[in-house]
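J.: Take a look at the following structure, please.
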Amino acid sequence: MSNKQLRIAMLSVHSCPVGQLGAKDTGGMSTYIRELAGELGNQGHSVDVYTRVHDPNDPQIVSLGQNARLIHLKVGDNREIPKLALYSYLPDFADNVENFRKQDGRQYDLVFSHYWLSGLVGNHLQKWWRTPHIIMFHTLGAVKNSLAIGEEEPELRIETEKDLAQNCHRIIAPTEKVKEELMLYCGASPERISVVPCGVNLELFRPMDKAMAKQRLGFTDNKLILFIGRIEPLKGIEQLLRAMPYLPNRQRPRLVIVGGDEQSQPDIEKLKELSRQLHIEESVSFPGLIKHEQTPYFYSAADVCVIPSYYESFGLVALEALACGTPVVATDVGNLKSIIRQGETGYVVSDNTPRHLADKIALLLSQPSPDRDSIATIRASVSQFSWSNIAEAIVRECRLVLANYAASSSGTVTFGTINDWLKPQNQQTGKEQKQPCSLCPRSTQ
Ligand code: UDP
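Numbered according to this note's numbering, the sequence shown terminates at residue 1501, and the numbering increases by one at each position without gaps.
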């Protein structure tokens, strides 16, 4: 298997990698998949990313660059289906992947699934194809529940993540902290976990003239503070709003909160209401979803980018901001402590209490805008996170997994039957409509 180019099937069942980033269910994972698939393709590997049709106008095949394709499969009707309700469509998804693969005459060396729902499909396909299965969970239900912020994650997810973590061939964790969480919450053995960080597109995210970027966006205020991402309670945006009144009046900053689709409107309304209560509504803008290709203007216009999250599995936005030469203030979550150089490229604060955030934001805003050299230093601090480096690290992991797989006596790991993987319907919590589970033998459910 040494240097043979790899043929990889990636799975992203619930979230479309070319969907609008910053929407309720489409964020860092989609950025990760499309960038990684594109870069693996550039390096000569062939990658097919399977997702479901989310919109009737979705073409079946979308190019993600050289040797990399996104394949939309019709599963359920062509509309948004809540994540948990997708569970009962997973067998159809697996069938459709297999049908497409056969018609297309493709063979894959391995399956790389993203998020627990795709993990279930990957587990199924690896048995059909007799290939190893690599998973990246992106977030863990048990960790989210331990924070007790936002919606509670169902037991079905927690149990499935445990099963998958203990039985797949390899887990990619973006940080050592996530590796520890996988061991603690899911009982994954350390040998099964490889730490490979996320990357940043250094071509797209480049510094540009701050004044020009501000003017182009119509933000002529003196100083600009940026939040960018999905609008949800775990992101801690309300803490950032509460930090605003602590900033010295003379700084007169504007806070721009980028992200949020129609489904995020209730959360956006809450943030607007909080802005009114804090009497800062005149200084806060909600431009909504911004096309990924346009976000470098926001990063470059910003004097500081803030990540006030209660939880991040990595902290992709910090890489993007720093690649544009903009300093970051972030809470000590994800990989932020190792990405941000304290006092040099920004600040990591122990938690997102408004005072802590405000102190460091004010410090950065009180300094003159970074000159060319400082911008170059900030950007250089993330150059090792180029997607070409990350893709090479992923390929090394894939080759290792393939070598181990070939060396193992049976070529398969000990999985239970399909029935063992599918939990009884009563383990599904949440309000979504439950469908009979067709991954189970169809006659019994
Ligand atoms: N993003 C975007 N447009 C928006 C909001 C976000 O392109 O309107 C992108 C952003 O540049 C980043 C991703 O969405 O690449 C969000 O990453 P993050 O790690 O915050 O997402 P999460 O892991 O929380 O889903």
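We treat Cβ as the ideally placed atom computed from N, Cα and C, and that holds for glycine.
(1) Look at the alpha carbon of V1069 and the alpha carbon of R1108, and state the distance between them as a whole number of angstroms.
(2) Locate the beta strand (DSSP E) running through D1104, then write down its first and last residues.
(3) Grouping DSSP H, G and I as helix and E and B as strand, with all else coil, what is L1382?
(4) In whole angstroms, give me the CA-to-CA distance for T1351 and L1238.
(5) Does the stretch 1281-1292 touch the stretch 1306-1323, meaning 3 or more C-beta pairs lie closer than 8 Å?
(6) Quick one: grab the DSSP three-state call for V1469.
(7) Can you list, in chain order, the residues of its chain with a C-beta nearer than 7 Å to that of I1156? Leave out the 5 residues immediately preceding and following it.
(8) To test your reading of the DSSP string, which unbroken beta strand (DSSP E) runs of 3 or more residues are found completely within the stretch 1325-1352?
(9) Can you tell me whether DSSP reads C1454 as helix, strand or coil?
(10) Indicate the three-state DSSP secondary structure (helix, strand or coil) for S1369 in the structure shown.
(11) Here's the rule: buried if 16 or more other CB atoms are within 10 angstroms of the residue's CB, otherwise exposed. What is K1235?
(12) Rounded to whole angstroms, what's the CA-CA distance from N1059 to Q1182? Just pull it up for me.
(13) From this set, Y1143, H1170 and W1184, which residue's C-alpha is nearest G1083's C-alpha?
(14) Pick from S1369, C1254 and D1359: whose alpha carbon is nearest that of I1446?
(15) Go ahead and label G1274 buried or exposed: buried means 16 or more other beta carbons lie within 10 angstroms of its beta carbon, across all protein chains shown.
(16) Roughly how many angstroms lie between the CA atoms of V1384 and G1402, to the nearest whole one?
(17) Grouping DSSP H, G and I as helix and E and B as strand, with all else coil, what is I1284?
(18) Using the three-state DSSP reduction, which class does F1156 fall into: helix, strand or coil?
(19) Name the one or two DSSP bridge partners that K1279 has.
(20) Cα-Cα, which of F1168, L1140, Q1159 and G1075 is closest to V1451?
(21) Decide if W1184 is buried, meaning its Cβ has at least 16 other Cβ atoms within 10 Å, or exposed.
(22) At a threshold of 7 Å, does L1212 count as lining the ligand UDP (C-beta to nearest heavy atom)?
T.: Walking through what the data contain:
(1) 6 Å
(2) S1102 to R1108
(3) It is worth fixing the name first, because residue 1382 is Thr in this sequence and not Leu. The answer is coil: DSSP assigns T1382 none of H, G, I, E or B.
(4) 32 Å
(5) yes
(6) Its pLDDT being 44, under 50, V1469 is placed unreliably by the model, and nothing is read from it.
(7) Per the sequence presented here, residue 1156 reads as Phe, with Ile not at that position. Here the set comprises I1127 and L1129.
(8) 1340-1344
(9) helix
(10) coil
(11) buried
(12) 22 Å
(13) H1170
(14) C1254
(15) exposed
(16) 5 Å
(17) strand
(18) helix
(19) P1309
(20) F1168
(21) exposed
(22) no
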